[in-house]
Amino acid sequence: MKFTIPSARPGMILAAIGFALAVSTVAQPTPARAFDAAQKSEIEGIIREYLLANPELMLEVQSELEKKQEEQKKLSQAKTLSEMKDQLFSSEHQVEIGDPNAPVTVVEFFDYNCGFCQRALADMNKFVEEDKSVRFILKEFPVLGEASLQAHKVSQAFNRLMPEKAGEFHRLLLGAPGRKDGEVALKVGESLGADRAALKAESEKPEILDGLKEAYRLADGLGITGTPSYVVGDEVVFGAVGYDALNVKVANLKSCGKTVC
């Protein structure tokens with residue numbers, strides 16, 4: 055049985071497929087059997103011809119796919135924010151900067167070798183210095199290679215040994231010029247009074263990577279793949295958007311409880 059399309063118009067591809075299926079079903083005895091190879095080939099040819107004649111349809115398909123993916127990402131983010139709230143806001147592996155009782159919390163995922171994170175350090179400092187109602191929770195998310203991983207391990211070790219100076223360590227290491235690795239992190243720790251041997255030994259313990267594993271689980275659920283990324287209220291913000299953009303979201307949170315009022 056042959057299948058033809060009289061002309062190529064929007065929506066015709068669905069009509070053609072439906073027609074092909076309907077005719078094939080009518081023409082076959084009950085119970086219906088699957089299309090044979092020739093019929094499958096002919097239907098595929100119809101679809102191919104239509105798409106070649108109407109390539110703009112692929113843009114519509116891509117648009118719908120992106121919309122669906124965005125909806126799925128939002129659902130995953132909401133689920134993660136709900137089910138992993140303790141890991142996001144109350145983890146033993148995080149560093150907090152600002153008033154711990156501040157009503158507004160900004161969670162930042164960062165990498166010590168991320169240039170944009172280094173620039174965003176000034177944004178965080180401005181918030182906690184000028185607005186006591188905002189605190190930052192810092193999630194180390196080393197994604198830029200081995201040097202970042204080694205710096206992360208020393209950072210986590212320092213946080214365990216000298217938690218009272220964790221914020222100062224963070225500012226010094228992230229703000230330091232050049233590539234940050236384990237050695238640079240050890241020197242920063244020493245400058246703040248840490249014993250180098252003890253710090254290095256702590257950084258080599260297997261459990262030092264527990265925070266990294268937790269951060270990766272959070273990032274996966276939130277759709278975070280790069281740094282810096284933020285969680286402000288119920289919104290995930292990607293990239294170094296700057297102080298002003300973050301401040302709008304913070305102000306809205308204070309006003310209506312959402313980042314967009």
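Here the sequence shown is numbered in the working numbering, starting from 55 and rising by one per residue.
Even for Gly, the Cβ is constructed at its ideal location relative to N, Cα and C.
I need the DSSP call for residue i, collapsed to helix, strand or coil.
| i | result |
| --- | --- |
| GLU150 | strand |
| GLN82 | Any reading at GLN82 must be qualified, since the residue scores a pLDDT of 47, below 50, and its modelled position is unreliable; no value is offered. |
| PHE292 | strand |
| SER283 | strand |
| GLU158 | Per the sequence presented here, residue 158 reads as Val, with Glu not at that position. In this structure, VAL158 counts as strand in the three-state DSSP scheme. |
| ARG250 | helix |
| LYS94 | helix |
| ILE262 | helix |
Only counting the same chain, and skipping five residues up and downstream in sequence, which positions put a Cβ closer than 8 Å to that of residue i?
| i | result |
| --- | --- |
| LEU307 | VAL158, VAL286, GLY287 and THR313 |
| ALA269 | HIS147, PHE163, LYS193, GLU194 and PHE195 |
| ASP175 | It should be noted that the sequence gives Leu, not Asp, for residue 175. These residues qualify, in order along the chain: ARG225, LEU228 and GLY229. |
Spatial neighbours of residue i within its chain, please: C-beta separation below 6 Å, excluding the five flanking residues on both sides.
| i | result |
| --- | --- |
| PRO196 | ASP165, SER202, LEU203 and HIS206 |
| PHE181 | VAL188 |
| LYS127 | GLY277 |
Please classify residue i: is it buried, with 16 or more other beta-carbons within 10 angstroms of its beta-carbon, or exposed?
| i | result |
| --- | --- |
| LEU113 | exposed |
| LEU129 | exposed |
| CYS310 | exposed |
| GLN123 | exposed |
Would residue i and residue j be called neighbours here (beta carbons separated by less than 8 Å)?
| i | j | result |
| --- | --- | --- |
| VAL160 | TYR297 | no |
| GLN141 | LEU276 | no |
How many angstroms separate the CA atom of residue i from the CA atom of residue j?
| i | j | result |
| --- | --- | --- |
| GLU256 | PHE143 | 24 Å |
| LYS259 | GLY236 | 14 Å |
| PHE190 | GLN116 | 37 Å |
| ASP274 | ALA88 | 41 Å |
| LYS254 | CYS168 | 23 Å |
| ALA81 | ILE278 | Note that ALA81 scores 44 on pLDDT, short of 50, meaning its location in the model is unreliable; the coordinates nonetheless yield the value given after this. Rounded to whole angstroms, ALA81 to ILE278 spans 52 Å at the Cα level. |
Please confirm whether any heavy atom of the ligand SAM lies closer than 7 Å to the CB of residue i.
| i | result |
| --- | --- |
| MET138 | Inclusion of the ligand SAM in the displayed structure is not the case, the ligand content being empty and no account of it being possible. |
Compare the C-beta of residue i with all C-beta atoms of chain D and state if any pair is closer than 8 Å.
| i | result |
| --- | --- |
| PRO109 | In summary, chain D is missing from the structure at hand, where a single protein chain is found. |
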